[in-house]
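So the sequence shown is numbered by my numbering: it starts at 1 and just counts up by one.
Every residue gets a Cβ at the ideal spot worked out from N, C-alpha and C, and that includes glycine.
Source: prediction; values computed, not measured.
Some notes on the structure that comes next.
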Amino acid sequence: MRRRSVHALLSVAAAAAAIAALYLRPAAGARGASVLLVTIDTLRADRVGLYGARDVRTPNLDALGSRGVAFEEALSSVPLTLPSHSTILSGLEPPHHGVRDNGTYMFPSDRPTLATILKAHGYATGAFVGAYVLDRRFGLARGFDVYDDRIERRSEGASVLESERRGEAVVESATAWIAAQPGPFLAWVHLYDPHAPYDPPSPYREEFAGRPYDGEVAYADFCLGRRLAAAEARAGKKLLAAVLSDHGEGLDEHGEKTHGFFIYQSTLRVPLVIAGPGISRGARRPGPARTADVLPTILAHLGVAAPGGLDGSDLLAGAPRRETYAETLYPASLGWSPLRSWRAGSLKLIDAPRPELYDIASDPGETRDLSPQRPQETDRLRRALVAFTKDETMTAAAVPAEVAERLRALGYVGSAPVAGDSLSRLLIHSARAKDPKDVLPLWQSFEEAIWAEARGDRDSALATLRALVGEEPANVAFRRSLAAALRRAGRARQALAALGPIERLAPGDALAWHERATALEEAGRGGDAVQAEEQAIRLAPDLPEPHNHLGVLLAGRGRIDAALAAFDDAIRLDPNNARAWNNRANALRALGRRDEAAEAYRTASRLAPRDPDPLNGLGVLAVEAGDLPAAGSLFTQVLERDPGYSEATLNLAYVEARQGHMPSARQRLRQVLRAPLDPALSRRVRALLQELEGPP
Ligand SMILES: [Zn+2]
1 MRRRSVHALL SVAAAAAAIA ALYLRPAAGA RGASVLLVTI DTLRADRVGL YGARDVRTPN
61 LDALGSRGVA FEEALSSVPL TLPSHSTILS GLEPPHHGVR DNGTYMFPSD RPTLATILKA
121 HGYATGAFVG AYVLDRRFGL ARGFDVYDDR IERRSEGASV LESERRGEAV VESATAWIAA
181 QPGPFLAWVH LYDPHAPYDP PSPYREEFAG RPYDGEVAYA DFCLGRRLAA AEARAGKKLL
241 AAVLSDHGEG LDEHGEKTHG FFIYQSTLRV PLVIAGPGIS RGARRPGPAR TADVLPTILA
301 HLGVAAPGGL DGSDLLAGAP RRETYAETLY PASLGWSPLR SWRAGSLKLI DAPRPELYDI
361 ASDPGETRDL SPQRPQETDR LRRALVAFTK DETMTAAAVP AEVAERLRAL GYVGSAPVAG
421 DSLSRLLIHS ARAKDPKDVL PLWQSFEEAI WAEARGDRDS ALATLRALVG EEPANVAFRR
481 SLAAALRRAG RARQALAALG PIERLAPGDA LAWHERATAL EEAGRGGDAV QAEEQAIRLA
541 PDLPEPHNHL GVLLAGRGRI DAALAAFDDA IRLDPNNARA WNNRANALRA LGRRDEAAEA
601 YRTASRLAPR DPDPLNGLGV LAVEAGDLPA AGSLFTQVLE RDPGYSEATL NLAYVEARQG
661 HMPSARQRLR QVLRAPLDPA LSRRVRALLQ ELEGPP
């Protein structure tokens with residue numbers, strides 16, 4: 001039903017576009033205009049009113065469409081957030097910028113982006129992102145004066161919601177920055193809200209009860225409206241606004257709930273609207289338009305020369321290019337075949353171990369595979385695909401380790417860094433790897449296990465992961481996930497067993513060695529853990545988390561100087577890592593470098609305002625400096641954030657005792673003893689309590 005109405009809209013729009021096309025390019029261009037680029041993550045075109053959706057609420061995007069040009073069929077080239085944003089910001093398709101998956105790759109340091117180009121033309125540049133997947137460590141911050149990626153990271157096992165931030169927080173930060181700009185600016189605002197898990201705030205939660213995805217879309221549109229209003233207030237009529245999504249969402253089409261596994265239209269088709277000075281109001285273009293076209297279109301409209309060799313081209317000039325590329329290498333992170341696609345006119349090839357061919361015009365839902373009947377066209381498209389990708393690159397892996405924890409929380413599984421010739425091996429051997437459509441049930445189970453654990457349904461997650469390892473015993477991604485889930489459930493020995501013989505199964509998998517190191521530590525085998533973590537670092541020296549964890553292990557063995565060096569490595573690779581900053585502070589405090597320690601605790605606290613650890617550390621420093629009132633206040637703040645924090649309760653009791661508030665101190669200590677404690681802490685509490693109560 002939905003598909004039919006979209007198709008009908010396309011044909012009507014195509015007629016309108018033929019007329020509108022004549023007027024799209026302004027005579028004078030929009031030289032010096034400010035640019036607002038808004039990417040709404042995971043927004044399907046057919047969930048937007050402008051694109052024919054009913055029972056949704058997207059008034060701001062609809063209104064922008066009526067003030068500018070909307071592209072009826074805009075296509076993402078990759079249904080993954082970091083690779084797709086790399087394309088939007090560079091005008092290059094993934095084979096040419098080299099960012100092929102989330103968490104595993106880093107945008108190359110020598111490629112121009114919208115930010116580097118406009119900054120060189122005197123623009124102020126600011127980016128405001130809503131999710132950890134776009135953290136500065138993945139390389140997109142270059143060229144931005146301000147890159148606001150303050151997304152509070154929670155320790156592993158925390159709620160999935162805590163690795164993203166609400167659209168209003170992103171918009172608030174962007175609004176303040178824009179208001180302070182005296183001249184032309186580029187502001188990129190990334191709204192993550194429609195991405196799973198779907199949890200719209202009130203009143204959208206109630207209004208869209210039972211349809212939380214649509215509720216998130218309505219909320220994102222509300223945030224877009226606030227952003228547009230603020231930008232227009234600042235830039236007036238000299239504002240060029242481009243709004244699009246990085247990819248769609250499966251919503252159960254083709255058996256895919258979310259995105260990243262397949263490359264059907266459900267996850268590739270996105271809304272794309274451009275409005276601003278000199279752009280015809282209410283124009284429609286049939287497309288296909290590509291997300292790679294956004295950068296060249298903006299630059300052409302501003303009269304700024306685009307770099308050579310781009311895949312994208314100016315959408316407002318001439319006929320749209322009729323060929324499009326798409327890919328997902330995500331299945332390869334699970335050991336299965338990657339997928340690529342080539343589209344020419346209405347024909348679309350999905351190159352898989354068993355290829356598929358669709359006629360999008362007559363079959364927009366991609367339900368009838370034509371490849372058996374039309375082998376020549378299948379071959380023709382495959383040859384075009386091979387020609388397009390012959391010079392492809394993969395950037396040095398930024399790498400996934402610690403990322404894996406957090407990306408898992410977002411619903412992604414990390415993949416091991418791709419080294420040396422792995423790309424060619426991966427692609428050449430893909431014909432022998434399993435076709436994603438043949439392992440769809442495994443993927444669905446795997447996704448369900450990830451979400452079950454995120455919901456706190458640990459038993460269900462473990463049962464599913466065990467079944468998956470039974471199904472594919474050589475699948476290291478399944479084993480890593482099972483081991484991590486067991487470890488988080490406190491079953492470190494079982495985690496080690498689940499991981500299996502890494503030396504034989506995946507000797508080059510840094511993530512597996514890191515997982516083993518973590519499980520070994522929790523099983524009380526710190527010495528072996530150091531060795532495993534050192535192996536992970538040898539394999540992938542650019543992964544931050546093994547350095548951080550190695551530091552923790554070394555500090556636990558009294559090697560504070562070596563630990564400090566490891567924490568410094570982690571911070572160099574991942575400057576927003578609050579846990580590494582807190583660990584660094586602890587090491588500095590242990591070395592008596594108190595001023596530096598205080599500075600590091602404050603950095604950690606700024607990066608993770610709800611994390612009680614840095615405040616507890618500052619409290620201990622205050623005690624050491626003899627400032628008991630300050631210490632008491634800090635420990636009180638810690639306990640407001642986390643009433644079950646036993647060390648802080650003990651610390652506050654100590655401060656109260658020193659200040660002579662004995663009844664309160666005694667009461668706190670008894671309270672601590674009621675909670676489950678590790679034996680060393682329990683001994684300290686009993687000793688202190690005995691001291692306060694006097695000899696028995
Ligand atoms: Zn995304």
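Top-ranked residue by Cα proximity to residue i, from the options
i	options	result
residue 40	181, 33, 516, 249	249
residue 235	648, 35, 47	35
residue 718	449, 647, 392, 116	Residue 718 is absent from the model: the chain starts at 1 and stops at 696.
residue 604	222, 514, 618	618
residue 283	72, 32, 627	72
residue 247	131, 458, 259	259
residue 433	364, 329, 391, 511	329
residue 612	628, 645, 593, 623	645
residue 123	32, 542, 169	32
residue 365	347, 577, 578, 382	347
residue 539	561, 563, 503	503
residue 137	233, 574, 50	574
residue 50	463, 70, 591, 438	70
residue 505	153, 335, 111, 53	335
residue 193	164, 449, 205	164
residue 86	305, 311, 285	311
residue 316	297, 237, 327, 323	297
residue 196	325, 218, 181, 257	257
residue 376	360, 355, 362	355
residue 286	318, 264, 439	318
Start and end residues, beta strand (DSSP E) containing residue i
i	result
residue 342	339 to 344
residue 126	124 to 128
residue 350	347 to 351
residue 328	323 to 328
residue 40	34 to 40
residue 185	185 to 191
residue 359	356 to 359
residue 613	Premise fails: residue 613 lies in the alpha helix (DSSP H), 612 to 624, not in any beta strand (DSSP E).
residue 147	146 to 148
Start-to-end residues for the alpha helix (DSSP H) that takes in residue i
i	result
residue 219	212 to 235
residue 285	Run containing residue 285: none in the alpha helix (DSSP H); it sits in the beta strand (DSSP E), 283 to 285.
residue 107	Note, residue 107: premise wrong, no alpha helix (DSSP H); not H, not E.
residue 450	440 to 455
residue 601	594 to 607
residue 367	No alpha helix (DSSP H) contains residue 367, which DSSP labels as neither H nor E.
residue 628	628 to 641
residue 569	560 to 573
residue 585	578 to 590
residue 336	Taken as a continuous stretch (DSSP letters only), residue 336 belongs to no alpha helix (DSSP H), as it is neither H nor E.
residue 381	375 to 389
residue 174	167 to 179
residue 207	204 to 207
residue 663	662 to 674
Supposed contact pair residue j and residue i - C-beta distance, whole angstroms, cut 8 Å
i	j	result
residue 358	residue 369	7 Å
residue 672	residue 685	5 Å
residue 241	residue 220	About 15 Å; that fails the 8 Å criterion.
residue 133	residue 82	5 Å
residue 639	residue 649	6 Å
residue 214	residue 208	5 Å
The stretch 597 to 613 / the stretch 570 to 586 touching (three or more Cβ pairs under 8 Å): yes
The stretch 472 to 489 touching the stretch 277 to 294, judged by at least three CB pairs closer than 8 Å: no
The stretch 61 to 71 in contact with the stretch 271 to 281 per 3-pair CB rule at 8 Å: yes
Three-pair Cβ contact test at 8 Å for the stretch 168 to 176 versus the stretch 111 to 121: Fewer than three pairs of CB atoms, one per stretch, sit closer than 8 Å, so the stretch 168 to 176 makes no contact with the stretch 111 to 121.
The stretch 123 to 135 contacting the stretch 530 to 548, beta-carbon criterion three pairs below 8 Å: no
Inter-stretch contact (C-beta, 8 Å, three-pair minimum) for the stretch 490 to 498 and the stretch 508 to 525: Verdict: yes, contact present.
The stretch 379 to 387 contacting the stretch 460 to 470, beta-carbon criterion three pairs below 8 Å: no
Every unbroken alpha helix (DSSP H) inside the stretch 245 to 294 [4 residues or more]: 265 to 268
Alpha helix (DSSP H) runs wholly inside the stretch 468 to 549, at least 4 long, in chain order: 476 to 488, 492 to 499, 502 to 505, 510 to 522, 526 to 539
Cβ contact check for the stretch 76 to 94 and the stretch 211 to 225: 3 or more pairs under 8 Å: Not touching, per the Cβ criterion.
At least 3 beta-carbon pairs within less than 8 Å: the stretch 140 to 148 vs the stretch 192 to 209: No: the two stretches stay apart, fewer than three of their Cβ pairs being nearer than 8 Å.
Runs of beta strand (DSSP E) wholly within the stretch 42 to 116 (minimum 3 residues, chain order): 69 to 71
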